[in-house]
Structures are given as C-alpha cells and as structure tokens.
Amino acid sequence: MTATKGLEGIVAATSSISSIVDGVLTYRGYDIDDLAANACFEEVAYLLWFGKLPNKTELDQLNKSFSEFAPIPDELIAQIKLYPRDLNAMAALRSAVSALGLYDTQAEDDSQEANENKAVKLQAQLPTIVAAISRIREGKEPIAPKQGVSIAENFLYMLTGDEPSETAVKALDQALVLHADHELNASTFAARVTVATLSDMYSGVTSAIGALKGPLHGGANEAVMKMLNEIGSKDKLEAYIQQKLDNREKIMGFGHRVYKNGDPRAKHLQKMSRELGEQNENTELYEMSVRIEELITGQKGLRPNVDFYSASVYTQLGIQRDLFTPIFAISRVSGWTAHILEQLADNRIIRPRAEYTGPTTQKYI
Ligand code: COA
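Numbers 0 to 364, taken from numbering that gives the first Met the number 0, label the letters of the sequence shown in order.
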C-alpha cells in the first residue's frame, strides 16, 4: 500500500453536481462563466440541490422559504453574546452552526425531505448568523433579516442596517455564485466524510466550516488582504514580494491543486475589483493586485485563484477582513448541502487506508 500525499489525483467519489475538466468549471453542466453572467445566487443554490434551474414559481417558492427561515433562534443570539469579543469569526461561525442544530427539531430526521428542508434552512440562516456575529462583537444588537430581498442584499443590510447600493448587491451576488461549489474541495470532502457515517447535516456543515477556515483553503482570501495591508502602497510592493519569493514563502491567493493554467473564477473577481475601484474613484487596491499577479505569474508561473481578487472586492464593499471566509461559507453551504444530499442518496462509509510507516517489532517488556 503506497499513500498519495494530499490524495492528489485520487478520484474519491462520483458526483453530478460540479465538474472541472480541462480548466473549465461547470455546475450541473452550466459553465461558470454563463452562470456568473446570467444567474442569481438563489437560482444557483436551487440548481445545485435539485439538478435543474428553477422556473419562476419554483424560484419564488425558494425565496419565500429563505425569507421564512432567515431569522435565527433567540437562544442562539444569546449564546453568540457570550462569545469573546476578540473572536475568530470562522471559529464563531463553526460554533454557532453546531449550536443551531440543537434548535432544529428536524436535526436528527434523516429523511430526504427533512434533509432538503435543512439545506434551505442552513442557506437562509448562515448569512444571519455571520451578520449577528459581526455586530455583537462590536457591542451592537443584531439586525433582523428583511423579508423578500435577495441573500446578498439581506446580508449587506444585516451587517450595517444601511440599504446597500445596487452595485454592491450585484457584486456580492456574483461572488456568491462563483464560490457556490467546486467539486471535491477539502471542505466538501470533509462534509461528505462526516455524513457518510450517517451523522446529521449540521455535523457535516460544521466539519466543512472547520476545513474551510484554514489558509490553504477558504482562509486564503483573508491572508491576501493581510498581505495587501502589510504592503501598504504601490511603491513598497516589489520589494515585499521579492523578499517573500526569496524566502520561498507561499503567496496567498496563487496556485491551485486542480487548475494549473488559471482559475476560471478569478477573471470575474478581477473585473469586479476593477469596476468597484473605478466606482469608488480609488483603484489602488486593484492596481496593486494586478502588479502582484504580474510578478508572481512572471517569476513563478503561478496564476491567481478565486481568493486573490475576492480580497480587494470584499474590502471595497466595506467588509471587514475576517468576514471574508465566513462569506465564502455563506456561499459554499449551498454546495456542501448539495453534496451531503448526494452522498446520502447513495451512501457508503468513507474509510480509506493508511500506509504504515511506524516501527514494526516493538515488545512491551
Ligand atoms: N506561492 C508560492 N509558491 C507556491 C504557491 C504559492 N501560492 N502555491 C504553490 N506553490 C509552489 C509550492 O511551493 C510548490 O513548490 P515546490 O515543488 O518547489 O515545493 C509547488 O508550487 C506545488 O505546490 P503545492 O503546495 O505542493 O501544491 P498543492 O496542490 O498541494 O496546493 C494550494 C495547492 C492551493 C494549497 C497551494 O497552491 C497554496 O498553498 N496556495 C496558496 C493558498 C491559497 O491561495 N489557497 C486557496 C486555494 S483556492
């Protein structure tokens, strides 16, 4: 038995949800470029769960369910108020989603119908939880979700209480579409491994949030912004990047296990970053990002991934750095729950083997 480090190249599941072939990402057969240009996030969530785009009636019904389920239990708000103020936002989200399951009377019902219902509830409630965590740690009261508005608009509204601009809503909605699913990425795999033991959906999503938190996965978008902040201004950029490269340090937001010729999602976020900069009449973050890309691609041949331009997009939307990965989770919970439903529809416990490399001839006495 020989192990493959990082399971690189190992095909560990069959899935009809999303695919990456020759650098092209599709959700249920729809090219991500097509969806990014034409679909809203709610349609994409429906597509991932049910395998087809919703018609008008189905979309209206889904939006009604999102509005109905978006409020979170008062008990959960009370718990979040007990979290330390200097919390890690992803750790807080992981804890809150785990606790959320305690208040769902369907949590242990493993019927297909209950699981589909839980997927919709989790999608509706994650934005409310993230916004509540953000406000409570600042000593503010959480804002109740609005009825009848999109997930992107509601989230931005719940963060500040202000009506977000149309551009901001459109940018966040598109970012949610782009992050919704990505084949067997680490957090999705974690979700599938968890529910394959016939544990519940809340446990699966809690596992996934834990996996997404790491800087080699979803946490990279925060690390990119940290780097942009550390650089500070364009004139310091080249020396900073050169030193990182000389020290053989990883540059966050570059490289990918699956895409070696570029992540198809990055160009959309780059465009969004430029447009937001132009609209705010401050393109410095965008220009710095482009220069970093030129340097890294030029010297290392590495291309930006989904996280690289997300950082400047979210910052220009006025979102705090440590909420970037929670926003990734707000989107990816659609994919996680779709994969959980798929796993449970044809389940077998996921239990690979390890190549043993320890001592072989020890004796107790
Ligand atoms: N900066 C500098 N070098 C990088 C790099 C980066 N962002 N990403 C990969 N490399 C280099 C590695 O150092 C390694 O070089 P070596 O063979 O000389 O040691 C080589 O490219 C392969 O990288 P490796 O980490 O083994 O690839 P992987 O498939 O295991 O990992 C990532 C993929 C995404 C985890 C990796 O590219 C990375 O850490 N990127 C930064 C984090 C990030 O942006 N994550 C978000 C992913 S969407």
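In this text, a Cβ means the ideal position worked out from N, Cα and C, and glycines have one as well.
- Selection Ser186, Ala167, Gln122 and Gln315 evaluated against Ser64 yields Gln122 as nearest (Cα-Cα).
- Contact between Glu7 and Arg256 is confirmed by a C-beta separation of about 7 Å, below the 8 Å threshold.
- In the three-state DSSP reduction, Leu316 falls in the coil class, being neither helix nor strand.
- Setting aside the 5 residues that flank it on each side, Gln342 is surrounded in the same chain by Arg191, Val194 and Ala195, each with a C-beta closer than 6 Å to its C-beta; the list follows chain order.
- Secondary structure within the region 215-278: the alpha helix (DSSP H) runs of 4 or more consecutive residues, fully enclosed, are 219-230, 236-245 and 265-278 (chain order).
- When DSSP reads this structure, Ser17 sits in a beta bridge with Tyr26.
- Under DSSP, Leu183 takes part in a beta bridge, and its partners are His181.
- For the ligand COA, a non-hydrogen atom lies closer than 7 Å to the CB of Gly254.
- The Cβ-Cβ distance between Leu58 and Tyr45 falls below 8 Å.
- A Cβ-Cβ distance of about 6 Å is found for the pair Ile31 and Arg264, placing them in contact under the 8 Å criterion.
- Runs of the alpha helix (DSSP H) spanning 4 or more residues and lying entirely within the region 136-173 occur at 150-159, in chain order.
- Closer than 7 Å to some heavy atom of the ligand COA: that does not describe the Cβ of Ala118.
- Under DSSP, Pro303 takes part in a beta bridge, and its partners are Phe253.
- Taking 4 residues as the shortest admissible run, the region 61-96 contains the following complete alpha helix (DSSP H) segments, listed from N- to C-terminal end: 73-79.
- Inclusion of Pro126 and Arg134 in the CB contact set at 8 Å is not warranted, their separation being larger than that value.
- In this structure, Asn184 lies away from Gly254, with their beta-carbon atoms at least 8 Å apart.
- Note on Leu81: under 16 other CB atoms within 10 angstroms of its CB, so exposed under the neighbour-count rule.
- The three-state secondary structure of Ile349, taken from DSSP, is coil.
- A heavy atom of the ligand COA is found nearer than 7 Å to the CB of His216.
- Take the alpha-carbon of Thr356 and the one of Arg247: they are about 29 Å apart.
- DSSP places Ser202 within a helical segment (H, G or I) once states are collapsed to three.
- Taking non-hydrogen atoms of the ligand COA into account, the C-beta of Val305 is found less than 7 Å away from one of them.
- Taking every protein chain shown into account, the CB of Arg93 has 16 or more other CB atoms within 10 angstroms, so this residue is buried.
- Set against 7 Å, the gap from the CB of Ala219 to the closest heavy atom of the ligand COA is smaller.
- When distances are taken from the beta-carbon of Lys259 to the heavy atoms of the ligand COA, even the shortest one reaches 7 Å or more.
- With contacts defined by Cβ atoms closer than 8 Å, Ser288 and His178 do not form a contacting pair.
- Rounded to whole angstroms, the gap between the alpha carbons of Phe154 and Ala106 is 24 Å.
- Set against 7 Å, the gap from the CB of Gly5 to the closest heavy atom of the ligand COA is smaller.
- By the criterion of at least three beta-carbon pairs nearer than 8 Å, the region 310-323 is in contact with the region 272-284.
- Taking 8 Å as the upper bound for CB-CB distance, Val204 and Val96 are in contact here, some 6 Å apart.
- Three or more Cβ pairs closer than 8 Å define a contact, and the region 291-302 falls short of that threshold against the region 204-213.
- Excluding residues up to 5 positions away in sequence, Leu121, Gln122, Leu125 and Val204 lie with their Cβ nearer than 7 Å to the Cβ of Val332 in the same chain.
- Not a single heavy atom of the ligand COA lies less than 7 Å from the C-beta of Lys235.
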